[in-house]
Structure formats: structure tokens, C-alpha cells
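Asks: The following block contains the structure, expressed as C-alpha cells.
Numbering (this note's numbering), first residue to last: 9 to 199.
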């Protein structure tokens, strides 16, 4: 990770690991069980509607509390939606907040810069290029895609309901959130 800014390096900063992903109506097929000789067959409508999601796992300054923040969008996530997400995170966390994310184009630009200028307690840091294994939020996506695998929602509302239900379950389960952090390849002294 890039070194923290001097004013963000103080004790008491919340760490937020953020990322985006998408979920489609087309089934995410994974290996499953079936009686011998009876291959499971999925029937689905060939619709490519999708939900874009941005989320972040926060780690409290004393490393005692984990939280999950998440927003759904029916279109692609751009800088404006990223700013809405950052505003949500700042509204829920007190003190300094360090958001660590990838080098995606939606994480930089004039809209993000203007937002950061208005939020002096927010500090943005980037993972090295091509290093998703460092981001604990990738564990959230893997878990969600595994839970929704082999499903066949009929419409985008049903997909969003299933997704929201699973996000609520994850956000209430410290064991899952902790597992997402520990499965990442972050240095242990950061957590």
C-alpha cells in the first residue's frame, strides 16, 4: 500500500476497504451435488439485467469492531455514486477515515477530488496495481456470489431482494467479516 498521508497516520483512524462488483440475472453456475447420473440443468431467461454494488468493510481504530457498508445501483457505478458511498461511510464513522481501494478510474478524477476537498477527515489510499488479493472486500464478493450461485431470480427485484438479504446477514456476522479480512494477503500488523 502507498504510505499514509502524515495527517491520516494518527491513531484513531477507521480503515475502510472498498470495492465494486456486479450481479446479473444470468445464473452464476458453480459445482453442486446431484444424484449420480442426473446432471442438474438450469433453465433461465437470457436477460442481462444487472445490479452494480459498492461496498466497504470498516475496521475500527482499536480493531475491535467490523462493519459492512453497501449501496446498490441499477446502472454502472461512476464517480458520483462513489461520492454518495463515501458520504454514507463518513456519516456512520466518527473521526479520521482512511479508505483503501484499487486504482479504478471511478476512484479518481475531479468529482472525487472536489468531494475530498469538502471532507478533510477522509483520506484515500490505493492498493498496488493488480492486487485484488490484498483487498478484504473481495472476500465479500466471493461470499455473496457463492451464496447466490445456482440461483435463478425471475427479475431484477428478486435478485436485489436476495442480494440485500445476504448483505444484511454478512453485516451482522463478525465471523464472516473477520474471515474476509484474514483471507486477504494484507500484512497482519495492519489488522
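Even glycine gets a Cβ: it sits at the ideal position worked out from N, Cα and C.
These figures come from a predicted structure and were not determined experimentally.
With which residues is residue 108 paired in a DSSP beta bridge?
Replies: Locating residue 108 in the chain shown gives position 100, where the first residue counts as 1. The partner list for residue 108 (beta bridge, DSSP) reads 25 and 133.
Asks: Report the rounded CA-to-CA distance for residue 174 versus residue 155, giving the unit in angstroms.
Replies: One-based indexing of the chain shown puts residue 174 at position 166. One-based indexing of the chain shown puts residue 155 at position 147. Taking the straight line joining both Cα atoms gives about 8 angstroms.
Asks: Quick check: the Cα distance between residue 138 and residue 169, rounded to an integer number of angstroms?
Replies: Within the chain shown, the letter at position 130 stands for residue 138. Within the chain shown, the letter at position 161 stands for residue 169. When rounded, the distance between both Cα atoms is 32 angstroms.
Asks: Is the number of C-beta pairs between the segment 64–82 and the segment 116–124 that are closer than 8 angstroms three or more?
Replies: With a cut-off of 8 angstroms, the segment 116–124 and the segment 64–82 do not count as touching, because too few Cβ pairs lie within range.
Asks: Counting C-beta neighbours from all protein chains within 10 Å, is the total for residue 143 16 or more, i.e. buried, or is it exposed?
Replies: For this step, residue 143 is matched to residue 135 along the chain shown. By the neighbour-count rule (16 or more Cβ atoms within 10 Å), residue 143 is buried.
Asks: Would DSSP call residue 180 helix, strand or coil?
Replies: Taking the first residue of the chain shown as 1, we reach residue 180 at position 172. Residue 180: coil per DSSP, three-state reduction.
Asks: Residue 152: which of 25, 60, 178 and 134 sits nearest, CA to CA?
Replies: Counting from one through the chain shown, the residue named residue 152 turns up at place 144. Among 25, 60, 178 and 134, the Cα nearest to that of residue 152 is on 178.
Asks: Taking the alpha-carbon of residue 62 as reference, which of 195, 148 and 183 has the nearest alpha-carbon?
Replies: Residue mapping note: residue 62 aligns to position 54 of the chain shown, counting from 1. Ranking 195, 148 and 183 by Cα distance to residue 62 puts 148 first.
Asks: Decide if the segment 181–189 is in contact with the segment 84–93; the criterion is three or more beta carbon pairs, one per stretch, under 8 angstroms apart.
Replies: Segments in contact, no.
Asks: Relative to the C-alpha of residue 136, which residue among 28, 111, 124 and 157 is closest?
Replies: Taking the chain shown and counting its residues from 1, the one referred to as residue 136 is at position 128. It is 111 whose Cα lies nearest to the Cα of residue 136.
Asks: Please return the same chain residues whose Cβ sits closer than 7 angstroms to the Cβ of residue 101, not counting the five positions on each side in sequence.
Replies: For the purposes of this step, residue 101 is taken as the residue at position 93 of the chain shown. Counting only Cβ-Cβ distances below 7 angstroms, and skipping sequence neighbours, we find 22 and 66.
Asks: Between which residues of its own chain and residue 190 is the CB-CB distance below 6 angstroms, once the five residues before and five after are set aside?
Replies: Position 182 of the chain shown holds residue 190. No residues qualify anywhere along the chain.
Asks: Hey, how far is the Cα of residue 200 from the Cα of residue 165?
Replies: The displayed coordinates of the chain run from 9 to 199. Any statement about residue 200 would go beyond what the structure contains.
Asks: Could you give the residue range of the alpha helix (DSSP H) that holds residue 95?
Replies: As a first step, residue 95 is located in the chain shown; it is residue number 87 there, counting from the start. Note, residue 95: alpha helix (DSSP H), 87–100.
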